[in-house]
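Chains as they are written, first to last, in the working numbering: chain W, 1 to 330; chain H, 1 to 228. Before any comments, here is the structure.
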Amino acid sequence: MTTEHTTQTEPRHLRRIGIIWIVASIIGDLLYWFLVGPHVPPGRMTSSATSDQLDFNILMELALPVLFGIWVFFGYCFVTWRSKRRGVAEPTGGAAARSNLRAQVWWIAVSSILVLFLAGFGTIELIAGDGSGGGEGPNPVWEPTGAVQAETAALTSSASWTPGTNHVLVVQVIAQQWKFTYRYPQFGGFESPQLVLPDNTSIAFNVTSLDVIHSFWAYQLEVKADANPQENNVAFTTTNQLGNFTVRCSELCGLWHGAMYNYGKVVSTSAFQNWATTTESANAANTKDLAPFAWTYVPDANGAAGGYYPDGTVTPYSPVETYGAKQPAS
Amino acid sequence: MSMGGRLVTVIAAFVVAVALVVAGVAVFLKPGVPGGVVNFTKAQPVGSPVNLTVQTVGAIGFGAHPTWVSYLVKDPEGKWIHDTTWELPAHTMIHMTVYQYDSGSPLRNQEWGQVQGTIGDTATLNGKSYTVYNSYTGNGVGHTFAVPSLNLSVPLIGIDGNATNPCNAAPCHTNYAHNVIKFSFMTPGAGNYSWQCFVPCGLGYLYGNGGPMSTQNYMGGFLQVVAQ
Numbered sequence: 001m002t003t004e005h006t007t008q009t010e011p012r013h014l015r016r017i018g019i020i021w022i023v024a025s026i027i028g029d030l031l032y033w034f035l036v037g038p039h040v041p042p043g044r045m046t047s048s049a050t051s052d053q054l055d056f057n058i059l060m061e062l063a064l065p066v067l068f069g070i071w072v073f074f075g076y077c078f079v080t081w082r083s084k085r086r087g088v089a090e091p092t093g094g095a096a097a098r099s100n101l102r103a104q105v106w107w108i109a110v111s112s113i114l115v116l117f118l119a120g121f122g123t124i125e126l127i128a129g130d131g132s133g134g135g136e137g138p139n140p141v142w143e144p145t146g147a148v149q150a151e152t153a154a155l156t157s158s159a160s161w162t163p164g165t166n167h168v169l170v171v172q173v174i175a176q177q178w179k180f181t182y183r184y185p186q187f188g189g190f191e192s193p194q195l196v197l198p199d200n201t202s203i204a205f206n207v208t209s210l211d212v213i214h215s216f217w218a219y220q221l222e223v224k225a226d227a228n229p230q231e232n233n234v235a236f237t238t239t240n241q242l243g244n245f246t247v248r249c250s251e252l253c254g255l256w257h258g259a260m261y262n263y264g265k266v267v268s269t270s271a272f273q274n275w276a277t278t279t280e281s282a283n284a285a286n287t288k289d290l291a292p293f294a295w296t297y298v299p300d301a302n303g304a305a306g307g308y309y310p311d312g313t314v315t316p317y318s319p320v321e322t323y324g325a326k327q328p329a330s
Numbered sequence: 001m002s003m004g005g006r007l008v009t010v011i012a013a014f015v016v017a018v019a020l021v022v023a024g025v026a027v028f029l030k031p032g033v034p035g036g037v038v039n040f041t042k043a044q045p046v047g048s049p050v051n052l053t054v055q056t057v058g059a060i061g062f063g064a065h066p067t068w069v070s071y072l073v074k075d076p077e078g079k080w081i082h083d084t085t086w087e088l089p090a091h092t093m094i095h096m097t098v099y100q101y102d103s104g105s106p107l108r109n110q111e112w113g114q115v116q117g118t119i120g121d122t123a124t125l126n127g128k129s130y131t132v133y134n135s136y137t138g139n140g141v142g143h144t145f146a147v148p149s150l151n152l153s154v155p156l157i158g159i160d161g162n163a164t165n166p167c168n169a170a171p172c173h174t175n176y177a178h179n180v181i182k183f184s185f186m187t188p189g190a191g192n193y194s195w196q197c198f199v200p201c202g203l204g205y206l207y208g209n210g211g212p213m214s215t216q217n218y219m220g221g222f223l224q225v226v227a228q
């Protein structure tokens, strides 16, 4: 009799919880999407940054309902079935408290769908955007249109870059203890401690090291590639916003690792071309003394100094050969 | 113990624990540099240029690592000090003189053969101006003085490796074979700016970047720039 009486008078808790949860989730998701989402790091300075921001936001949009579901459920339970409430009997459990097959099936099904979707989504997003700004090693599987041609030409002395024609800009990132320097093979191969990039341009970063392992992390560009000695680690992105960005070494590399950073900037294509041609001219006296441009350089490992030498065996190429099948013999 | 007493005890213990953690983190994060600091901010009137004189030696000749290459600095009283942290006034012209007593070799990266970040992007070698030095020629480059965050870098040309009177222990006197490199630069706003050598001159260490290249007070240090 008691059970029947309880059943008749008990409100429909699950429906209440569901309604509260849906309302809270919709409000929470909308607030997040419009107020927080646009400001989520790493911003929208490049295609890979924009893509990753979208990924973070989608993950958050899915996580928020899960979070609200737990909060609403426990909050409702604490309020509705808390002990020492006047007129309400102490909970005594029962069959429904021990297990609920329908609830279990729903929980497993929903969480499985969610996790599998995220696994697929994450995998696709890692591939999309020409590798999502990550270092793809010497033989990139995903690359923007024109990358192979630009990288092939970069090894020749006639390489050049003009907005709108050969649109991929090749930049070599050279890590050394403890600073990054940058070579621009399409501008005579000059080397500079400054990293300047043109807007609305696909960039092919070719990352290598002269000594130990470093890691090139251009945070706001959402580009991150390990710098390994005698390896060419290639990463792509496309700039789509003017502004400054930070480059940090993200691989512990010795005493001054913490000081191994610099600031770069994305400027208009005309400003970039002006900077590049001016720097090419200003650095010409030193550029002729630099090692000829190559994907990797072999330093003298015997201690002090020793010049660095290009891998002269790399020849233009099929995409696979381009990116590094041929490495220095020594 | 009463409920109130227990509550107070728990809260007090929590506060103490949090305070200890905060204090520990604060001490850990507090900016600081090892060793002493040679102060150049009080030697002349505010705004006046600072003369900074250093020397590089192939083997310091004393201390824990007598065979290590090192920088020394001349303090405002004219005494050579084995210390690589120098306090300088902000937004001030620094006239730097380097007595280079070490021999040279080709640079691992010829990029550092270019004078960068000095006034006029130039320096003088024994009175003769230069903006670029091809390290594959002449005596090569012994060391560089570089402040990476300021894009300041000056190649310090090596002495003749066959010189008959090389200096073997610091501080070296100008009677020994040496080069004099001079350049000027402006200090930025207040802050700690690390400087280093870009010649991997740590003989006997992997890639030459261990030992003196990876130990404070030898081939790297700080410009501790302070507002005046």
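Where is the CB? At the ideal position from N, CA and C, for every residue including glycine. Computed from a predicted model, the values in this text were never measured in an experiment.
Mind listing the chain H neighbours of residue i? Cutoff is C-beta to C-beta under 8 Å, in chain order.
{"i": "residue 283/W", "result": "114"}
{"i": "residue 176/W", "result": "108, 109, 198"}
Helix, strand or coil: which one does DSSP assign to residue i?
{"i": "residue 213/H", "result": "helix"}
{"i": "residue 226/W", "result": "strand"}
{"i": "residue 213/W", "result": "coil"}
{"i": "residue 18/W", "result": "helix"}
{"i": "residue 186/H", "result": "strand"}
{"i": "residue 13/H", "result": "helix"}
{"i": "residue 96/H", "result": "strand"}
{"i": "residue 252/W", "result": "coil"}
{"i": "residue 87/H", "result": "strand"}
{"i": "residue 39/W", "result": "helix"}
{"i": "residue 152/W", "result": "helix"}
{"i": "residue 154/H", "result": "strand"}
{"i": "residue 125/W", "result": "helix"}
{"i": "residue 205/W", "result": "strand"}
{"i": "residue 179/H", "result": "strand"}
{"i": "residue 262/W", "result": "strand"}
Note down, in chain order, every chain H residue with its Cβ under 9 Å from the Cβ of residue i.
{"i": "residue 291/W", "result": "109, 110"}
Give the interface partners of residue i over in chain W, defined as CB-CB distance under 9 Å, in chain order.
{"i": "residue 51/H", "result": "Here the premise fails: no neighbours, minimum Cβ distance about 26 Å."}
Of all Cβ atoms in chain H, is any one closer than 9 Å to the Cβ of residue i?
{"i": "residue 259/W", "result": "yes"}
{"i": "residue 191/W", "result": "yes"}
{"i": "residue 181/W", "result": "yes"}
{"i": "residue 286/W", "result": "yes"}
{"i": "residue 228/W", "result": "no"}
{"i": "residue 262/W", "result": "yes"}
Please check the pair residue i and residue j, which I expect to be a contact at CB under 8 Å, by giving their CB distance rounded to whole angstroms.
{"i": "residue 139/H", "j": "residue 157/H", "result": "6 Å"}
{"i": "residue 211/H", "j": "residue 68/H", "result": "6 Å"}
{"i": "residue 124/H", "j": "residue 154/H", "result": "About 10 Å; that fails the 8 Å criterion."}
{"i": "residue 222/W", "j": "residue 48/W", "result": "4 Å"}
{"i": "residue 131/H", "j": "residue 141/H", "result": "About 14 Å separates the two Cβ atoms, so there is no contact after all."}
{"i": "residue 255/W", "j": "residue 214/H", "result": "4 Å"}
{"i": "residue 52/H", "j": "residue 96/H", "result": "5 Å"}
{"i": "residue 217/W", "j": "residue 247/W", "result": "7 Å"}
{"i": "residue 19/W", "j": "residue 76/W", "result": "Their Cβ separation, rounded to whole angstroms, is 11 Å, which puts residue 19/W and residue 76/W out of contact at 8 Å."}
{"i": "residue 190/W", "j": "residue 287/W", "result": "5 Å"}
{"i": "residue 180/W", "j": "residue 244/W", "result": "Not quite, the Cβ-Cβ distance comes to about 16 Å (not below 8 Å), so this is no contact."}
Quick one: is residue i near chain W, going by C-beta distance under 9 Å?
{"i": "residue 131/H", "result": "yes"}
{"i": "residue 153/H", "result": "yes"}
{"i": "residue 139/H", "result": "no"}
{"i": "residue 28/H", "result": "no"}
{"i": "residue 134/H", "result": "yes"}
{"i": "residue 200/H", "result": "yes"}
{"i": "residue 209/H", "result": "yes"}
{"i": "residue 3/H", "result": "no"}
{"i": "residue 148/H", "result": "yes"}
{"i": "residue 88/H", "result": "no"}
{"i": "residue 125/H", "result": "no"}
{"i": "residue 7/H", "result": "no"}
{"i": "residue 206/H", "result": "yes"}
List, in chain order, every chain W residue whose beta-carbon is nearer than 7 Å to that of residue i.
{"i": "residue 76/H", "result": "The premise fails here: residue 76/H is roughly 27 Å from chain W at the closest Cβ pair, so nothing lies under 7 Å."}
{"i": "residue 230/H", "result": "Chain H is shown only over 1 to 228; residue 230/H falls outside these bounds and no answer can be derived."}
{"i": "residue 276/H", "result": "Nothing about residue 276/H can be read from this structure; chain H reaches only from 1 to 228."}
Legend entry - Residues of the stretch 181–195 of chain H whose Cβ lies closer than 8 Å to any Cβ of chain W, in chain order: 194
Inset, instruction - Give, in chain order, every residue of the stretch 264–281 of chain W whose Cβ lies closer than 9 Å to some Cβ of chain H. - result: Residues of the stretch 264–281 of chain W with a C-beta less than 9 Å from any C-beta of chain H: none at all.
Inset, instruction - Can you give me, in chain order, the residues of the stretch 57–85 of chain W that have a beta carbon less than 8 Å from any beta carbon in chain H? - result: Within the stretch 57–85 of chain W, no residue has a Cβ lying closer than 8 Å to any Cβ of chain H.
Inset, instruction - With 8 Å as the C-beta to C-beta threshold (strictly closer), list the residues of the stretch 195–224 of chain W near chain H in chain order. - result: Of all residues in the stretch 195–224 of chain W, only 210, 211, 212 come within less than 8 Å of chain H when Cβ atoms are compared, listed by chain position.
Inset, instruction - Give the residues from the stretch 52–72 of chain H that approach chain W closer than 9 Å (Cβ to any Cβ), ordered along the chain. - result: 69
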